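A.B. asks:
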Amino acid sequence: MNIKNKFVTLFLYLTSVYGFSGEITPYTDPTHCIDNEYFDFHLLKCVTCDESKHLKPTKNRLSCICNSRSKIVQLGTGQFAECEVCPDDEVPTLDKRDCVPCLQQQQYENNTVCVPCNHSQITVDRNYNGNLSEIAQCVNCSTGTIPSSNGKLCEPCLYNCTCPSTTHEYVGGVCVPQSFLSSWPENYIMQYESGEKIESEFLRKNLRLSVYLCKQKNMTACQLVANMCALVMYHDNYPSSPCRLFQDSKHIPTSDSNILPWLYYGEGDAQTVLTRRKISAKYSMDINSPASMLNLTVVRYKPDGHLKGISSASGSFLQLCPESWTSLDMGLRFGTQYHRSCSIPVRQLMSLRETEFLDLYLQYWETSESLLYAIPTLVQNFNRGSDRSQWQLTRRFFMIDTVSGVKVASVSNKQVEESPSVIRYMKSCVLRVKVRGREEGRIYPPLLILKYGEVNQQDIDDNVELSVSFKVEYEMENSMSHSIEVSMGVLSGLAVVWTGIETWSWSRRSGRVGIDLITLAQLMVFACGNLANVFFFVVACASFHMFTFYKGQSVVHVLLSTHQQDVVIRNYIIAAFSLKIVEIIYMISRQVSIDIFFIDWERPRARSSTIHPQSQALPENTEQPVSIWRTYFVANEWNEIQAKRKTSLIFQLLVTVFFLKVVGIENWAVADPDLHTSTPEYMNDSPPSLICRFAVGLCVFLTVYLVQWIFFMAIYERYIKNFIQEFADICSMANVSVFILALENFGFYIHGRSAHGFADTDMQTMLGQLQREEEDLCGHRGLLPGSDQQTFQMAIPMQLRSYYRKVMAPLSSIMQSTKRLSMAGAGGLRNKMMSGNMDRSIQAYHNMNKFLAAFLEHALKDLDYDVREKTFVESLLDIEFTEIFEKGILYSDSGHSFDNVLFYWNEFTLVTFDIILFSFVEILFHDFLLAAVVTAFCAQILVIIRKVGGKRNLAKKTLIDERFLV
């Protein structure tokens, strides 16, 4: 508590006692009182001591006392003592009770005055029995003694008591040669980082004396100089710096004979010091092992250089946060990436900690012998670079400094303020431990990294809150970064090779014989997808490996990644997400632009005299047209399965979030060696490890997905409902085949021709047909006689593609013209055009239907096809080696290759996009719930785009009115 607060407290007490009733009163700070004033508590202002009553202010300026020429006449009857001036040839006694003649007198301004005793004498004005002496005498102190501070007694002196005034000078009661004083300038200015400069009372009182005594081999004085060197942040670049004493001792001590404390390591020796292998202790991550904690020992010194004690430095000792000591101590558990930060009011900090100076050691045992290893300290206020070769490692440090900021208020009178004007505190403390690679549990010397902050008088008065933090970091020589680089290189090379194969296959199926810009663009698209998978796969494996071994080991083999490695992981995930977006955009754009046509195998089976409203009157007894509803039905089924996936993403995300957030598995990512379902108290402020959080989220996501996928594949689709297989069955029941061209010369075919020859019938007949199929009393559904193979991959000749394009071209131009008229607002003209071109559209539909049916029935002389199986290499590489000229080839497939143009077949692409997006959002915002919400939202957007685009494309390519697609 500073002086101002003491005065305010005392004022409140006095007002309660004396009944002070003023609500508003002027207030003057006591420190503003001038030389002849004292602070009046009743008036709350500075008042002049009455010089006519021979009074002067006390040293603390709280009252008035008799001046140096007066004695006390009476005490207690007034506010101050009554004083009386002694005659000119007399002086007041030391107790101010009497006046006594002095032995040595001199004339001064026509008056006889007493000559004061010199610095080697004491004043004797009373006898041993207390009676007043006849005369005040100046008595020389005997050899080996010096006057006490009050001038009453002679005390034994520890140093040279003979002090010639011509060559020596008393400094703090010690006779110091003037030659030494001239070599050590009298400069006690403390300069702070804020730019504020003050004359420090602590330095003024101790610096030159302690330096001199240290040179006289006084160990306590040397410790005091070391403390002052720590206070000036080890700067030795100015003449009066206390660190100048250690300029020739910037190295590790080589013997015990050196009187100077060890403050500095050698300049430029940081790399060598931090890579020594002298610590033989083996640490364990098993919490039940005695070697699972870092045992720190600290040697504590008072500001005056005296030893305060040697004690164990627990985790709480090195922290300024006033938390639970038990939880703070867990910060020194080996392998735990610990972090604690808090805000603490400056006055509370001052009350919790006192200024002391510390030397930190690591305690360990070697063959039952306790050893201490000195821990180097890096003060960032003094070392601002990251280049180790430029670091100056030191030893001593402090946690709070309330002594150097006490300044001399008046230089002339050397009056000292009681409270510091500037306080420095340990703003950040990082204990960095590096584990030796391939040496189980052994470590290099730890490094203590400190950064100090400071507050000025205004901040102290305002009791501002200070942010302080303590962190324990572990790093290890491991090959993770190298392994990631090697894996990325190898797998990326394989991905590029596979990209080349995919592009080759695409170019053959697209009918491109050379390399052009479109081919190169397709190469880039394939490369984006493959590289995204490689990037994510490598970092996922690295994260799983590090997380599993870190959490499961008792002997240290793996530690958590460093910040630099976390940045590498984060960058690869961001890159994978960016590349995956390109692949997803390409996949959807390809699927919503395929050519598709429904081939109706139904033939007219009756005659009718019905007149069609949109055409000319037909003669009687014409054939009844085939019903279109079967085609509409198949088209709607196709439209329904376009965005179907093998698993439910909503269920996936709900279960994932449930296990992560509700069950608490996300707390497995806490950066300590144990698995927790709730964050331990001592890790509340420690951020979870990025790589652990990524691994945990990915592990839960994949586990839920695999369970769901196995259920759908092994149970649901086999015994309950298989949308893809059902679609092929629906095609057979409707007597409609599906002809799909995904690329220029490549596509898929679903043979839906009914084994009964017709499907446009009543319920009884249809049930009878199904019964005959079950009893094997009819033909098979397959394209080939006696075969059930209904689905094929197609490699078609160029003539077929040319005819397909020729038939569809007029319809495309009609649709574009209609669209332009609709946008122009010409509704009537648009309706007239649509009415006039409807017959052309219907005719084109029938022509395409007849042409494709004839092709599939081998009824075209110049266009034909063969049916065959793909070779193993063709199936493996998804490519066709056979050149297509006049004959197409239909390759038998697994029964559902046509889902290549649906979401269903692209499940791997979609689920990797979901996982990468989930991980991408999580590493940016560190929130699994937000990641799940964003993933669900983006997935739903993709589904909507796919459904809307697919529906429009279906209506455009199959000549089915979009209004009939639901």
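Going by mature numbering (1 follows the signal peptide of the UniProt record, and there is no 0), the letters in the sequence shown line up with residues -19 to -1, 1 to 947, in that order. All residues carry an ideal CB built from backbone N, CA and C; glycine is no exception. Predicted model only: the values in this text are computed from it and were never measured.
Going by C-alpha to C-alpha distance, which of Cys64, Ser464, Ser718 and Gln344 sits closest to Phe578?
C.D. replies: Ser718
A.B. asks: Taking residue 948 as the reference, which of Asn830, Gly767 and Leu748 has the closest Cα?
C.D. replies: Given that the chain is displayed from residue -19 to residue 947, the structure contains no residue 948 and the question cannot be resolved.
A.B. asks: Three-state secondary structure (DSSP) at Ile430?
C.D. replies: The answer is strand: DSSP assigns Ile430 an E or B state.
A.B. asks: Below 8 Å on the Cβ atoms is my guess for Arg314 versus Ser273; work out the distance and round it to an integer in Å.
C.D. replies: 6 Å
A.B. asks: With a 10 Å radius around its C-beta and 16 neighbouring C-beta atoms as the bar for buried, classify Thr253 as buried or exposed.
C.D. replies: exposed
A.B. asks: With DSSP run on the structure shown, which of helix, strand or coil describes Tyr700?
C.D. replies: helix
A.B. asks: For Lys395, is the classification buried or exposed, using 16 other Cβ atoms within 10 angstroms of its Cβ as the cut-off for buried?
C.D. replies: Confidence is the limiting factor: at Lys395 the pLDDT is only 46, short of 50, which leaves the residue's position unreliable, though a coordinate-based value still follows. Result: exposed.
A.B. asks: Is Ala556 near Ala521, with beta carbons less than 9 Å apart?
C.D. replies: For the pair Ala556 and Ala521, the CB atoms are not nearer than the 9 Å cut-off.
A.B. asks: Is it true that the region 861 to 881 meets the region 716 to 731, where meeting means three or more beta-carbon pairs spaced less than 8 Å apart?
C.D. replies: The region 861 to 881 and the region 716 to 731 touch, with no fewer than 3 CB-CB distances between them shorter than 8 Å.
A.B. asks: Would you call Leu184 buried or exposed, if buried means 16 or more other Cβ atoms sit within 10 Å of its Cβ?
C.D. replies: buried
A.B. asks: Looking only at C-alpha atoms, which of Lys178, Ile179, Pro223 and Ala207 sits nearest to Trp165?
C.D. replies: Nearest C-alpha to Trp165: Pro223.
A.B. asks: Tell me which residue opens and which closes the alpha helix (DSSP H) that residue 949 is part of.
C.D. replies: Residue 949 lies beyond the range of the chain shown here (-19 to 947); nothing can be said about it.
A.B. asks: Quick check on DSSP: helix, strand or coil for Asn934?
C.D. replies: helix
A.B. asks: Do Tyr567 and Val519 have their CB atoms nearer than 9 Å?
C.D. replies: no
A.B. asks: Count the other C-beta atoms from every protein chain shown that fall within 10 angstroms of the C-beta of Ser370, then say buried if there are 16 or more, exposed otherwise.
C.D. replies: exposed
A.B. asks: Rounded to whole angstroms, what's the CA-CA distance from Glu65 to Lys52? Just pull it up for me.
C.D. replies: 5 Å
A.B. asks: Report all residues from its chain with a CB closer than 6 Å to the CB of Val(-3); omit the five preceding and five following residues, and keep chain order.
C.D. replies: Here the model assigns Val(-3) a pLDDT of 41, short of 50, so the residue's position is not dependable, and the following value carries that caveat. Closer than 6 Å at the Cβ level, and outside the excluded window around Val(-3), lies no residue.
A.B. asks: Among residues of its own chain, excluding the 5 on either side of Gln438, which ones have a beta-carbon nearer than 6 Å to its beta-carbon?
C.D. replies: Ser402
A.B. asks: Once the 5 residues before and after Lys408 are set aside, which same chain residues still bring their CB inside 8 Å of it?
C.D. replies: Closer than 8 Å at Cβ, skipping near neighbours: Lys432, Tyr433, Gly434, Leu447, Ser448, Val449 and Ser450.
A.B. asks: What residues in its chain sit with their C-beta under 7 Å from that of residue 948, if we drop five residues either side in the sequence?
C.D. replies: The structure shown does not extend to residue 948, since the chain is modelled only from -19 through 947, so no value can be given for it.
A.B. asks: Alpha carbon to alpha carbon, how far is Phe614 from Ile672?
C.D. replies: 51 Å
A.B. asks: Between the C-alpha atoms of Leu333 and Thr529, what's the straight-line distance to the nearest angstrom?
C.D. replies: Approximately 41 Å, taken between the alpha carbons.
A.B. asks: Using CA atoms only, rank isn't needed, just tell me which of Leu946, Val436, Glu337 and Ser236 is closest to Gln623.
C.D. replies: Leu946
A.B. asks: Is Thr591 buried or exposed, if buried means 16 or more other CB atoms sit within 10 Å of its CB?
C.D. replies: Low per-residue confidence applies at Thr591: pLDDT is 48, beneath 50, and the placement is therefore not dependable, though the value from the model is reported in the following sentence. Thr591 comes out exposed.
A.B. asks: Should Lys415 and Glu458 be called a contact, given that it needs their Cβ atoms to be closer than 9 Å?
C.D. replies: yes
A.B. asks: Is the Cβ-Cβ distance between Ile430 and Thr358 less than 9 Å?
C.D. replies: yes
A.B. asks: What's the gap between the Cα of Asn276 and the Cα of Tyr354?
C.D. replies: 11 Å
A.B. asks: Smallest Cα separation from Pro234: which of Leu226, Arg225 and Gly247?
C.D. replies: Nearest neighbour of Pro234 by Cα position, chosen from Leu226, Arg225 and Gly247, turns out to be Gly247.
A.B. asks: Any idea what DSSP makes of Trp165, helix, strand or coil?
C.D. replies: DSSP, reduced to helix, strand and coil, places Trp165 outside both helices and strands of the structure shown, so it counts as coil.
A.B. asks: Going straight from the alpha carbon of Glu347 to that of Asp655, what length do you get?
C.D. replies: Those two C-alpha atoms are separated by around 28 Å.
A.B. asks: The beta strand (DSSP E) spanning Gly728 covers which residue range?
C.D. replies: Phe727 to Ile731
A.B. asks: Could you tell me which residues DSSP puts in a beta bridge with Phe773?
C.D. replies: Tyr730 and Ser873
A.B. asks: In this structure, what does DSSP give as the bridge partners for Cys27?
C.D. replies: Phe20
A.B. asks: What residue range does the alpha helix (DSSP H) around Ile465 cover?
C.D. replies: Secondary structure note for Ile465: its alpha helix (DSSP H) is the uninterrupted segment Met461 to Ser491.
A.B. asks: Could you compute how far the alpha carbon of Phe720 sits from the alpha carbon of Phe517?
C.D. replies: 37 Å
A.B. asks: For Asn648 and Glu420, I'd like the C-alpha separation in whole angstroms.
C.D. replies: 30 Å
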